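This report refers to the structure that appears directly beneath it.
Numbering (UniProt numbering), first residue to last: 1 to 271.
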């Protein structure tokens with residue numbers, strides 16, 4: 001269908017307007033991050049990149065960023081592996097109690113963490129896991145596997161059956177079909193799942209707060225909230241800290257955005 005110049009101009013005008021509305025708050029935070037942190041700094045000029053160094057040092061973000069990276073890596077590794085295996089089972093196999101088990105997985109998506117965080121804390125404390133990386137990571141693995149199973153099941157059910165049948169005729173085992181054929185084909189869906197789970201894990205606030213009462217395993221968003229309490233008036237340092245905390249998610253999205261968008265368009269509509 002041929003699009004007239006007026007329609008094309010209108011489409012671009014609408015996209016530019018909405019982009020401005022969405023990006024303007026982000027731009028204001030970035031501008032504030034380079035603003036003077038005090039009146040004395042304002043006399044030295046309007047541009048102060050040293051705010052990032054000051055926020056990084058005074059907020060001890062090196063420690064908290066390392067904790068966030070460790071927790072996110074652990075959650076991603078376990079979640080991606082378990083989600084691929086469970087999604088493959090639910091999407092390609094038939095076994096007794098399949099629907100009941102799948103709906104049990106879906107409960108993990110529907111039940112908020114606020115509803116189970118207190119009994120979960122006492123359970124993990126009785127096992128001696130509180131104030132460890134496992135106490136912060138394992139509850140998030142459980143939540144993410146629920147979504148990952150649903151997501152990967154949708155992908156595996158959308159794969160053309162003739163592909164797997166041809167592989168089985170050639171003598172490929174179910175394990176080989178999964179890792180040699182279906183996983184490489186599902187790279188966009190897996191990449192989308194990785195980006196979403198990393199974003200949710202990185203931004204998680206409640207679980208690190210409750211599961212690490214001594215603060216030994218505080219993550220970056222939790223540290224940002226504590227830093228905000230110290231600098232209620234210092235908006236420049238607070239904005240610099242917010243930019244640093246959000247930067248890993250933004251960088252990961254820009255690196256994987258092509259696969260992410262493709263996975264969202266393909267994987268989400270195959271159910």
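For each residue, glycine too, the CB sits at the ideal point set by N, CA and C.
In this text the structure is predicted, and so the values were computed from the model without any measurement.
Please go through the same chain and pick out, in chain order, the residues whose beta-carbon is closer than 8 Å to the beta-carbon of residue i, but skip the five residues on each side of it.
{"i": "residue 95", "result": "89"}
{"i": "residue 269", "result": "Low confidence applies to residue 269: its pLDDT is 46, below 50, so where it sits in the model is not reliable, and the reading given next is rough at best. Here the set comprises nothing."}
{"i": "residue 54", "result": "37, 237, 240"}
If you draw a straight line from the alpha carbon of residue i to that of residue j, how long is it in whole angstroms?
{"i": "residue 228", "j": "residue 185", "result": "44 Å"}
{"i": "residue 252", "j": "residue 28", "result": "22 Å"}
{"i": "residue 61", "j": "residue 131", "result": "19 Å"}
{"i": "residue 12", "j": "residue 261", "result": "20 Å"}
{"i": "residue 148", "j": "residue 39", "result": "50 Å"}
{"i": "residue 46", "j": "residue 240", "result": "15 Å"}
{"i": "residue 156", "j": "residue 97", "result": "19 Å"}
{"i": "residue 210", "j": "residue 26", "result": "30 Å"}
{"i": "residue 121", "j": "residue 92", "result": "36 Å"}
For residue i, name the three-state secondary structure that DSSP assigns.
{"i": "residue 170", "result": "coil"}
{"i": "residue 38", "result": "coil"}
{"i": "residue 270", "result": "Confidence at residue 270 is low in this model, with a pLDDT of 46, below 50, so its placement is unreliable and the value that follows should be read with caution. In the structure shown, residue 270 sits in coil (DSSP, three-state: anything other than H, G, I, E or B)."}
{"i": "residue 11", "result": "helix"}
{"i": "residue 165", "result": "helix"}
{"i": "residue 249", "result": "helix"}
{"i": "residue 259", "result": "helix"}
{"i": "residue 116", "result": "coil"}
Is it the case that the Cβ atoms of residue i and residue j are separated by a distance below 8 Å?
{"i": "residue 80", "j": "residue 190", "result": "yes"}
{"i": "residue 129", "j": "residue 137", "result": "no"}
{"i": "residue 202", "j": "residue 144", "result": "no"}
{"i": "residue 222", "j": "residue 117", "result": "no"}
{"i": "residue 244", "j": "residue 56", "result": "yes"}
{"i": "residue 87", "j": "residue 146", "result": "no"}
Can you find the residues in the same chain that come closer than 7 Å, C-beta to C-beta, to residue i, ignoring five residues on each side of it along the sequence?
{"i": "residue 59", "result": "223, 227, 241"}
Give every residue of the same chain whose Cβ lies closer than 6 Å to the Cβ of residue i, excluding the five residues on either side of it in the sequence, and list them in chain order.
{"i": "residue 168", "result": "none"}
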